[in-house]
Amino acid sequence: MSLPQATTQLHTQPFSKLLNAEVAELGEDKVALRVPITEQVLQQHGFVHGGVVSYAADNALTYAGFLSLKQNVVTSEFKINYVRPAKGEALMARAYTVHAGKNQAVCRCDVFCVQDGREVLCAVAQGTIVVMLPK
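Each number in our numbering comes from the position in the sequence shown (counting from 1) with 3 added on.
Structure below.
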């Protein structure tokens, strides 16, 4: 899968398209998802709403799981720890697979704020990604 194909796939989710999210990097079992920081994603204290940071982590985790499992997948569960308020030009969620079995993968993600071309850690997440069963 190429970067443009991955972003096209991401944009089948209306919310991803609304946020103008894009797949910035793609590897065998790792991915980087970029979300521009705009006024619309800020909360009342001037930094990115935690739900948007969680969105970035969740989607990056799911992409990493998909790359390892090579089937349609969904998030079964995930946990996120916020390290610092997210401020800057963009969020960059970098996820990779820790372990993949036949039907599930455990993935980790670091979410960075891009500030003046520098990445600053703002959250860490881990999740379980599972293969979708046919209907």
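All C-beta atoms, glycine included, are put in the ideal place defined by N, C-alpha and C. Keep in mind that this is a model prediction, so the values were computed, not measured.
Inter-residue spacing [alpha-carbon to alpha-carbon] between residue i and residue j
{"i": "Val109", "j": "Thr131", "result": "5 Å"}
{"i": "Glu92", "j": "Thr41", "result": "8 Å"}
{"i": "Glu31", "j": "Thr100", "result": "10 Å"}
{"i": "Ala24", "j": "Leu36", "result": "7 Å"}
{"i": "Ser5", "j": "Val26", "result": "10 Å"}
{"i": "Leu120", "j": "Gly104", "result": "Note on identity: in this sequence residue 120 is Gly, with Leu being the wrong assignment. If you take the alpha carbons of Gly120 and Gly104, they lie about 37 Å apart."}
{"i": "Gln12", "j": "Lys138", "result": "21 Å"}
{"i": "Ser71", "j": "Val123", "result": "27 Å"}
{"i": "Gln118", "j": "Gln16", "result": "27 Å"}
Close Cβ partners of residue i (< 7 Å) along its chain, the five nearest in sequence each way excluded
{"i": "Val133", "result": "Val76, Val77, Ser79, Asn106, Gln107"}
{"i": "Arg68", "result": "Reading off the sequence shown, one finds Gly at residue 68, where the question assumed Arg. Cβ neighbours of Gly68 beyond the five flanking positions: Val76, Thr100, Ala108, Cys110, Ile132."}
Neighbourhood of residue i by C-beta, 6 Å cutoff - its chain only, sequence neighbours within 5 removed
{"i": "Ala89", "result": "Phe50, Val51, Val56, Cys116, Cys125"}
{"i": "Tyr66", "result": "Val34"}
{"i": "Ala63", "result": "Val34, Leu36, Ala96, Ala98, Cys112"}
Residue i, enclosing beta strand (DSSP E) - first and last residue
{"i": "Val55", "result": "Segment 53-72 is the alpha helix (DSSP H) holding Val55; no beta strand (DSSP E) there."}
{"i": "Ala93", "result": "93-103"}
{"i": "Ala126", "result": "121-134"}
{"i": "Gln118", "result": "107-118"}
{"i": "Pro39", "result": "33-39"}
Own chain, CB closer than 8 Å to residue i, minus 5 neighbours either side, in chain order
{"i": "Leu22", "result": "Val38, Pro39, Val44, Val55, Tyr58"}
{"i": "Val127", "result": "Ile83, Asn84, Val86, Arg111, Cys112, Asp113, Val114"}
{"i": "Gln46", "result": "His52, Gly53"}
{"i": "Phe18", "result": "Tyr58"}
Pair within 8 Å by beta-carbon distance, residue i and residue j
{"i": "Lys73", "j": "Gln129", "result": "no"}
{"i": "Leu29", "j": "Ala60", "result": "no"}
Start and end residues, alpha helix (DSSP H) containing residue i
{"i": "Lys20", "result": "17-21"}
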